[in-house]
Ligand code: URA
């Protein structure tokens, strides 16, 4: 993990507290609460999804529904857990009926995301799906074109590697997309500058020698 000054971590908490009362767009009227983000404030790897859904809005934590379970499984596959990464969304409040984010909502909310990036200072930002990818790449190219292609970029004044991925919710019911997402995920350790860990080889314990006394001839006594 990168060494972030303690003051920066405190500021992330302070910023979350400030954001809890946000009224920058219409979504403040229908939300249960702001879903700021969760995980390690010093993470080298940050995920950015789209917007909270029903469960996230109720619990105040991103990716706690079915898509979140898949995200956790994918993380486990590269020997990471939620506690190792930071997870946030483009929008911090649930759009009604989980509809797509609207452009004015994205513009109203993006200062929160850019401030999070400044404070967390991740090395790699993995965008999940079209909305996060288009916002952070600054390009209109869709996720099908750019998934799995890392791009060095300056975001919020920091050099980062942007790594677009399919959104786990899209992969949940499309096995072919899940395969691609798994393959793209497998490159995360390399992009974070870590050596991918080969699967552990379990060496079997040697069998204990049978406790039978060897005949005297074999012991060379005669
Ligand atoms: N989908 C998202 O994009 N974000 C969440 O937090 C949950 C589902």
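Numbering (the working numbering), first residue to last: 1239 to 1460. Don't be surprised by glycine CBs; every beta carbon is placed ideally from N, CA and C. What you are looking at is a predicted structure, and each value in this text was computed from that prediction instead of being measured.
- Residue 1425 and residue 1293 have their alpha carbons spaced roughly 29 Å apart.
- Residue 1363 is positioned such that its CB atom lies closer than 9 Å to that of residue 1284.
- For residue 1316, the CB contacts under 7 Å within the same chain, skipping 5 residues up- and downstream, are 1423, 1424, 1426 and 1427 in chain order.
- Distances between the C-beta of residue 1273 and the heavy atoms of the ligand URA include at least one below 8 Å.
- Counting only unbroken stretches of 4 or more residues, the alpha helix (DSSP H) elements lying wholly within the segment 1330 to 1380 are 1341 to 1358 and 1368 to 1375, in sequence order.
- The Cβ-Cβ distance between residue 1300 and residue 1259 does not fall below 9 Å.
- With respect to residue 1289, residue 1369 sits close: the two C-beta atoms are nearer than 9 Å.
- Residue state for residue 1285 is assigned as strand, using DSSP reduced to three classes.
- The criterion of a C-beta distance shorter than 9 Å is not satisfied by residue 1249 and residue 1272.
- Looking at the backbone, the Cα of residue 1264 and that of residue 1297 are separated by about 20 Å.
- Between residue 1328 and residue 1287, the C-beta spacing is below 9 Å.
- Taking all protein chains shown into account, residue 1367 has 16 or more neighbouring C-beta atoms within 10 Å of its C-beta and is therefore buried.
- Relative to the ligand URA, the beta carbon of residue 1277 is positioned no closer than 8 Å to any heavy atom.
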